[in-house]
Amino acid sequence: MKRYLLYILLLLTFFSCGKNKDDSVFPETPDQRIEKVLKDYAAKLTAAPYGWKMKVIPAGISSEVRSYYFWMRFNDGNRVISRLDNEKPLESSYRLKALQRPELIFDTYTYLDDGIDPVSAIFSAYFGSEVELFDFEFEIISATTDSIILNGKYGGSKAILLRAAPTDSTNSSMLAPHAGTYNAVGRALCYSGPEPVGVPDIISIARRKVAVPLAEDNSILLDFSNKEIFGGMYRITFDPGTNKVTAVAPGRFLKKEVRPDSFKMLTFSSDPVLKQIYLKSSYINLDNQYCEVEETLTLK
Amino acid sequence: MKKYLLICSLLLIAIIISCKKDDKLDDVVLNGLGGTWKRTALDNWLYDSLTAPYNIELKYKWDQSEFDMSYTLVPPREEQVIPVARAIRNLWIEPYDQATGTALFMKMYSPKLVVLSGVPAARTDGAGIMGVAEDGLKIILYDVNSFSKKDKRAIDRIMHLLHHEFTHILNQKKAYPVEFNKVSAGSYTDGWQQAENPVSLSFVSNYAMKAPEEDFAEMVAFMLGRGKEEYEAYLHTAPDYEKGIQKLREKEALVVQYFKDAYHIDFYDLQTRVQQAKKAFMD
Numbered sequence: 115m116k117r118y119l120l121y122i123l124l125l126l127t128f129f130s131c132g133k134n135k136d137d138s139v140f141p142e143t144p145d146q147r148i149e150k151v152l153k154d155y156a157a158k159l160t161a162a163p164y165g166w167k168m169k170v171i172p173a174g175i176s177s178e179v180r181s182y183y184f185w186m187r188f189n190d191g192n193r194v195i196s197r198l199d200n201e202k203p204l205e206s207s208y209r210l211k212a213l214q215r216p217e218l219i220f221d222t223y224t225y226l227d228d229g230i231d232p233v234s235a236i237f238s239a240y241f242g243s244e245v246e247l248f249d250f251e252f253e254i255i256s257a258t259t260d261s262i263i264l265n266g267k268y269g270g271s272k273a274i275l276l277r278a279a280p281t282d283s284t285n286s287s288m289l290a291p292h293a294g295t296y297n298a299v300g301r302a303l304c305y306s307g308p309e310p311v312g313v314p315d316i317i318s319i320a321r322r323k324v325a326v327p328l329a330e331d332n333s334i335l336l337d338f339s340n341k342e343i344f345g346g347m348y349r350i351t352f353d354p355g356t357n358k359v360t361a362v363a364p365g366r367f368l369k370k371e372v373r374p375d376s377f378k379m380l381t382f383s384s385d386p387v388l389k390q391i392y393l394k395s396s397y398i399n400l401d402n403q404y405c406e407v408e409e410t411l412t413l414k
Numbered sequence: 010m011k012k013y014l015l016i017c018s019l020l021l022i023a024i025i026i027s028c029k030k031d032d033k034l035d036d037v038v039l040n041g042l043g044g045t046w047k048r049t050a051l052d053n054w055l056y057d058s059l060t061a062p063y064n065i066e067l068k069y070k071w072d073q074s075e076f077d078m079s080y081t082l083v084p085p086r087e088e089q090v091i092p093v094a095r096a097i098r099n100l101w102i103e104p105y106d107q108a109t110g111t112a113l114f115m116k117m118y119s120p121k122l123v124v125l126s127g128v129p130a131a132r133t134d135g136a137g138i139m140g141v142a143e144d145g146l147k148i149i150l151y152d153v154n155s156f157s158k159k160d161k162r163a164i165d166r167i168m169h170l171l172h173h174e175f176t177h178i179l180n181q182k183k184a185y186p187v188e189f190n191k192v193s194a195g196s197y198t199d200g201w202q203q204a205e206n207p208v209s210l211s212f213v214s215n216y217a218m219k220a221p222e223e224d225f226a227e228m229v230a231f232m233l234g235r236g237k238e239e240y241e242a243y244l245h246t247a248p249d250y251e252k253g254i255q256k257l258r259e260k261e262a263l264v265v266q267y268f269k270d271a272y273h274i275d276f277y278d279l280q281t282r283v284q285q286a287k288k289a290f291m292d
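So the protein lines, in turn, are chains B and Z.
To convert a position in the first sequence, counted from 1, into my numbering, add 114.
To convert a position in the second sequence, counted from 1, into my numbering, add 9.
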């Protein structure tokens, strides 16, 4: 009996040192892999010679989501220079950090923060009655040498960095080529009834209109023609190759101002060289009057 | 029998010591955690001006974990960091150094971490939070993007905040006398925002009505930040001030006594030094 005990103990001495060193699926430790991924992202971020165009799509808006364009250049010393519209270049700091995912954090004030800052003088995050949500802390979803896809961590905004061309840093209007201020000239003819009969009232249009870029590429949202109402009225889509207008649709603000389904786009054309757009549309307004609106828009 | 026992014992010992491993841990570099960045002139300035002499870290680069998630905040503007750091050093730390005659006091008692946010924390009830002190270790300063040394209101606000929060820390280290709580007992209320004339109710500010410990911190912050002259003038501008002023004087005396007993600081001397620093800072 005691002999068995002895054998068991003897056996134990042989097996007690068995170390099952767990083989990792990956040859490196998680820390080493995170390190490697972040180094790779950092290398890509800083490699773009003319920086990046950053397109940001804020969250919180239910339809007609706008987009914002920034220009950014990152260096390998945690510094980033950014631009927005015609504001002066702003140098601030950034950091790559591994939290739940690898993150890109703009950790001191940049133009991105103007969308969040309640006292920002540069742009308002209010769009109609809704508030656009922006981020300065992004999760990196994927990265190549030409584009980096980001997800806003707390606000839920989306962003994409696209490798910039040499002129992008100085010519901010190039970032969203069809957006900006247009000079509008034209007229609206409004008849007394729902049909175009009789002598119409003629309202001449001569004013400036602002076009903001939409989340969809090559699309803008333009102010309405003959109403002094805040908000975009036409959604205009351009062909990315020829820069010609390919589609015009009513925006939701315009839809509210006209009888359902009465809006018709009669004709539209565009001249990419002169940066002109011609639009002619008709609708029946809420006073049951038929209106025909035509205008020529020239991008300043 | 003895032989077995001996063998068994030896084997047991062998089992116990057989697993001793001397493997050393690898040197793991955790750069991925993101706590490192290339130091700039600003980082060096902060290190030389606050971290080395006072053991205080001024965190201006955003770290969400320092903040309450329910607020929408933005990082500070970089050009605001040095002016705010100077205000911290000149208007808060140095007067204490002078009044105590040693830099040890602030090394010992000052919170070790000051965190900056660019904007105020907007609460759902409409109030904007300008500062928070946590457990004597950390102070959060909000709204640093609007700070300007030319703006007396901004200076008053940051001084009020620092001296208010630091008073909490001093109170946490050494409790103030309980008599203080009794002077205005019955007037403390959750509806402190509504009061129109706090002085007549024996308070220097609305916020002082929230609780005795806030009252204590408000008294200290008001007297140090605004100075004797402004404090005296303020007490006498409110209508019906006589009603509250006697209690305010009682509380003032208890504050002065506390600084003397707990920390051997002459409060009025400290007040003068803070005011001198303020004047120099704004010039």
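Don't be surprised by glycine CBs; every beta carbon is placed ideally from N, CA and C.
### Task
Only counting runs of 3 or more residues, tell me where the beta strand (DSSP E) segments fall wholly within the stretch 303 to 365 of chain B, in order along the chain.
315 to 327, 333 to 337, 346 to 352, 359 to 364
### Query
How do the stretch 267 to 279 of chain B and the stretch 360 to 372 of chain B stand: do at least 3 beta-carbon pairs fall below 8 Å, yes or no?
no
#### Entry: Strand pairing of C17 of chain Z, partner residues [DSSP]
Bridge partners of C17 of chain Z: none, in fact.
### Beta-carbon spacing of L335 of chain B, R321 of chain B below 8 Å
No, these two residues do not count as a Cβ contact at 8 Å.
### Task
Using the DSSP secondary-structure output, state which residues sit across from M379 of chain B in a beta bridge.
B:S395
### Task
Work out the CA separation of R373 of chain B and V407 of chain B for me, nearest whole Å.
15 Å
### Message
Going by DSSP, what residue range makes up the alpha helix (DSSP H) through A94 of chain Z?
### Response
Counting along the chain, the alpha helix (DSSP H) containing A94 of chain Z begins and ends at 90 to 97.
### Message
Under 8 Å, Cβ to Cβ, is there at least one residue of chain Z near L120 of chain B?
### Response
yes
### Query
In or out: P232 of chain B buried (at least 16 other Cβ within 10 Å) or exposed?
exposed
### Message
How far does the beta strand (DSSP E) with M168 of chain B in it extend, from its first residue to its last?
### Response
166 to 171
### Among Z:Y56, Z:T133, Z:D160, Z:P84, nearest to V124 of chain Z - alpha-carbon criterion
Of Z:Y56, Z:T133, Z:D160, Z:P84, the residue nearest in Cα terms is Z:P84.
### Query
Would you say N265 of chain B reaches chain Z, if we count a Cβ-Cβ gap shorter than 8 Å as a contact?
no
### Query
If you pair each beta-carbon of the stretch 250 to 264 of chain Z with each one of the stretch 279 to 286 of chain Z, do three or more pairs fall below 8 Å?
no
### Query
Of all the CB atoms in chain Z, is at least one closer than 8 Å to the CB of R209 of chain B?
yes
### Task
Would you decide whether S318 of chain B is buried or exposed? Buried here means 16 or more other CB atoms lie within 10 Å of its CB.
exposed
### Query
Helix, strand or coil: how does DSSP classify A212 of chain B here?
Strand, per DSSP.
### Message
Does the structure place the stretch 272 to 285 of chain B close enough to the stretch 157 to 171 of chain B that three or more beta carbon pairs sit under 8 Å?
### Response
Cβ pair count under 8 Å is three or more, so yes.
### Query
Exposed or buried, what is D190 of chain B when buried is set at 16 or more other beta-carbons lying within 10 Å of its beta-carbon?
exposed
### Query
Residue range of the alpha helix (DSSP H) that N53 of chain Z falls in?
50 to 55
### Task
Check distances from the C-beta atoms of the stretch 244 to 257 of chain B to those of chain Z and list, in chain order, the residues that come in under 7 Å.
F250, E251
### Message
Shorter than 7 Å, the distance from the beta carbon of E371 of chain B to the closest heavy atom of the ligand FMN, or not?
### Response
Summarising the ligand content, the structure contains no ligands, and the ligand FMN is consequently not present.
### Task
Using three-state DSSP, classify L65 of chain Z as helix, strand or coil.
Note on identity: in this sequence residue 65 of chain Z is Ile, with Leu being the wrong assignment. Under the three-state reduction of DSSP, I65 of chain Z is assigned to coil, being neither helix nor strand.
### Query
Any idea if R235 of chain Z is buried or exposed, counting beta-carbon neighbours within 10 angstroms, 16 or more meaning buried?
buried
### Query
Got a sec: is the Cβ-Cβ distance from T81 of chain Z to anything in chain B below 8 Å?
yes
### Query
So what does DSSP say about P265 of chain B, is it helix, strand or coil?
The question names Pro, but residue 265 of chain B in the sequence shown is Asn. Note: N265 of chain B maps to strand in three-state DSSP.
### Message
Please report whether the beta-carbon of N357 of chain B lies at a distance below 8 Å from any beta-carbon of chain Z.
### Response
no
### Task
List the residues of chain Z whose Cβ lies closer than 8 Å to the Cβ of L123 of chain B, in chain order.
C17, L20, L21, I24
### Task
Report buried or exposed for V229 of chain Z, applying the criterion of at least 16 other Cβ atoms within 10 angstroms of its Cβ.
In the assembly as shown, V229 of chain Z is a buried residue. Its beta-carbon has 16 or more other beta-carbons within 10 Å.
### Task
Would you list, in chain order, the members of the stretch 102 to 126 of chain Z that have their beta-carbon closer than 8 Å to a beta-carbon of chain B?
none
### Task
Taking only the alpha-carbon atoms, compute the straight-line gap between K158 of chain B and V90 of chain Z and give it to the nearest angstrom.
The straight-line gap from Cα to Cα measures roughly 30 Å.
### Message
Can you check whether the C-beta of A131 of chain Z is within less than 8 Å of a C-beta belonging to chain B?
### Response
yes
### Message
Whether or not the stretch 100 to 120 of chain Z and the stretch 160 to 178 of chain Z are in contact is what I'm after, with contact meaning three or more pairs of Cβ atoms, one per stretch, closer than 8 Å; do they touch?
### Response
Counting Cβ pairs under 8 Å, three or more are found: they touch.
### Task
Starting from the beta carbon of T127 of chain B, find every residue of chain Z whose beta carbon is closer than 7 Å, and list them in chain order.
L20, A23, I24, S27
### Query
Is there at least one Cβ from chain Z nearer than 8 Å to T222 of chain B's Cβ?
Yes, its Cβ sits closer than 8 Å to a Cβ of chain Z.
### Task
Per DSSP, which residues does I127 of chain B bridge with? Please list them.
A small fix is needed here, since residue 127 of chain B is Thr in this sequence, not Ile. Partner(s): none; T127 of chain B has no beta bridge.
#### Entry: Below-8 Å beta-carbon distance, P310 of chain B vs any chain Z residue
No, because no Cβ of chain Z sits closer than 8 Å to the Cβ of P310 of chain B.
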